[in-house]
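Residue numbers (the numbering used here): 4 to 366.
Reviewing the structure listed below.
Pasting the structure below:
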């Protein structure tokens, strides 16, 4: 069952089309992530789903009933939203969490029971008597999430809720929130520019570009099988190279790309032009040229290290092997393998690792 359904929906600003969603359904009990670059329409779509903005054309349905006119407020009260900034009142943590319950005239004993439960769930019960304005960023966002979920909403809307947090606070909160949402089966829509957050939390992910959803799938399939090089780059695929299929047999094609012969577990016609996409974490590097060694990886390409960039706990190594091939490895591996610019290396990856985008042309 779908909680929210959008049909033939558009948003125009001064005549310019900002959002174009022919159809979208948000499933009951699932976590739906919307990712995309800045200005792609993510936040506008979230405001439409949350009934904070009216579309120019189209229908919004909540539990299959059309939402319009005075019904909007009634449906809006069945949702809760958490923004990038927690927007806490200048009272205690407990009073912030219980605030919405007080507005809804929930009896004091029930307010306390429910607020204490969610303070406990988010690990901030010991902070209940603290002034909210004294909290750290991670603590404040936990308070905001508890304040939203204490209302037992039928839909939770999250607008970049982790973007202002430092990495340790963000990683811990993402893990804790994911466990809570799945245990409680809260129908959730998450807007984020961070693909790691989307991959960690979501059951389904939609990629938005220029006001349109260009691909929608499970995280595993979307991040592994993008439909275009534009989507591939956005979801973190850095090795993208054009090639031509030379042979095809038993579900494995052999193609030429950048002067290299590469085997890929895929279907394509001989002579067909394709675009190979390879995630950096699927590439293994060893020092020196190709040597015979037991391995399930069919592809072993020799090249030269062109660049080593250390950032975010891992090193990004670019290998020139006829085309730029990117690998993501640990700092320890960089040091142990002696990977410096100009070093000779062998890059290996399985035939199942690459994804082919078929260009529908025969050379």
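Even for Gly, the Cβ is constructed at its ideal location relative to N, Cα and C.
Between the alpha carbons of residue i and residue j, how many angstroms are there, rounded?
| i | j | result |
| --- | --- | --- |
| residue 292 | residue 204 | 40 Å |
| residue 15 | residue 218 | 22 Å |
| residue 321 | residue 96 | 48 Å |
| residue 156 | residue 189 | 8 Å |
| residue 125 | residue 68 | 34 Å |
| residue 281 | residue 243 | 7 Å |
| residue 262 | residue 325 | 6 Å |
| residue 176 | residue 86 | 15 Å |
| residue 220 | residue 209 | 7 Å |
| residue 187 | residue 250 | 50 Å |
| residue 101 | residue 80 | 16 Å |
| residue 307 | residue 345 | 6 Å |
| residue 147 | residue 59 | 31 Å |
| residue 340 | residue 334 | 10 Å |
| residue 178 | residue 343 | 35 Å |
| residue 66 | residue 23 | 22 Å |
| residue 136 | residue 99 | 11 Å |
| residue 417 | residue 225 | Here the chain covers residues 4 to 366 and nothing more, so residue 417 does not appear. |
| residue 94 | residue 131 | 10 Å |
| residue 56 | residue 46 | 11 Å |
| residue 109 | residue 235 | 49 Å |
| residue 193 | residue 347 | 43 Å |
| residue 163 | residue 199 | 13 Å |
| residue 312 | residue 92 | 43 Å |
| residue 323 | residue 165 | 36 Å |
| residue 363 | residue 232 | 14 Å |
| residue 269 | residue 254 | 6 Å |
| residue 139 | residue 265 | 50 Å |
| residue 133 | residue 62 | 44 Å |
| residue 106 | residue 145 | 20 Å |
Output needed for residue i: all residues of its chain with C-beta closer than 6 Å, excluding positions within five of it in sequence on either side, in chain order.
| i | result |
| --- | --- |
| residue 349 | 289, 293, 303 and 305 |
| residue 26 | 10 |
Can you tell me where the beta strand (DSSP E) with residue i in it begins and where it stops?
| i | result |
| --- | --- |
| residue 249 | 242-252 |
| residue 61 | 60-65 |
| residue 224 | Not the beta strand (DSSP E): residue 224 falls in the alpha helix (DSSP H), residues 222-227. |
| residue 270 | Segment: none, residue 270 is in no beta strand (DSSP E) and carries neither H nor E. |
| residue 14 | 5-16 |
| residue 233 | Per DSSP, residue 233 belongs to no beta strand (DSSP E); it is in the alpha helix (DSSP H), 232-237. |
| residue 100 | No beta strand (DSSP E) holds residue 100; the alpha helix (DSSP H) holding it covers 96-106. |
| residue 26 | 19-30 |
| residue 276 | 275-281 |
| residue 256 | 255-260 |
| residue 288 | 287-290 |
| residue 137 | Careful: residue 137 lies outside any beta strand (DSSP E) and carries neither H nor E. |
| residue 347 | 347-352 |
| residue 85 | 82-85 |
| residue 431 | Here the chain has residues from 4 to 366 only, and residue 431 is not among them. |
Starting from residue i and walking both ways along the alpha helix (DSSP H), at which residues does that stretch end?
| i | result |
| --- | --- |
| residue 52 | 45-52 |
| residue 113 | 111-124 |
| residue 314 | Residue 314 -> not in any alpha helix (DSSP H); beta strand (DSSP E) instead, spanning 302-314. |
| residue 79 | 74-79 |
Using a Cβ-Cβ cut-off of 7 Å (strictly less than) and excluding sequence neighbours within five positions of residue i, which residues of its own chain qualify?
| i | result |
| --- | --- |
| residue 248 | 256, 258, 271, 272, 273, 274, 275 and 277 |
| residue 75 | 54 |
| residue 213 | 43 |
| residue 183 | 124 |
| residue 20 | 13 and 214 |
| residue 260 | 244, 245, 246, 279 and 326 |
| residue 297 | Bear in mind that the predicted position of residue 297 carries a pLDDT of just 48, short of 50, making it unreliable; the figure below should be weighed with that in mind. Same-chain partners within the cutoff: there are none. |
| residue 4 | 31 |
| residue 227 | 358 |
| residue 28 | 5 and 8 |
So residue i packs on residue j, CB below 8 Å; how close in whole Å?
| i | j | result |
| --- | --- | --- |
| residue 49 | residue 154 | About 18 Å separates the two Cβ atoms, so there is no contact after all. |
| residue 12 | residue 51 | 7 Å |
| residue 195 | residue 38 | 6 Å |
| residue 354 | residue 267 | 6 Å |
| residue 356 | residue 285 | 4 Å |
| residue 201 | residue 83 | Contact flag wrong, Cβ pair sits at about 20 Å. |
| residue 317 | residue 331 | 5 Å |
| residue 6 | residue 158 | 5 Å |
| residue 309 | residue 352 | Not really, about 18 Å apart at Cβ, beyond 8 Å. |
| residue 103 | residue 150 | 6 Å |
| residue 77 | residue 167 | Residue 77 to residue 167, Cβ: 32 Å. No contact. |
Under 8 Å Cβ to Cβ from residue i, same chain only, skipping five residues before and after it: list those, please.
| i | result |
| --- | --- |
| residue 128 | 119 and 122 |
| residue 230 | 217, 218 and 360 |
| residue 40 | 196, 212 and 237 |
Would you say residue i touches the ligand NAP, meaning its beta carbon is less than 7 Å from a heavy atom?
| i | result |
| --- | --- |
| residue 197 | Within the structure as shown, the ligand NAP is missing, as the structure has no ligands at all. |
Secondary structure, beta strand (DSSP E): runs of 3+ residues fully inside the stretch 143-210: With a minimum length of 3 residues, the unbroken runs of beta strand (DSSP E) contained wholly in the stretch 143-210 fall at 158-162 and 191-195.
Whole runs of the alpha helix (DSSP H) within the stretch 319-345, excluding any shorter than 4 residues: 334-340
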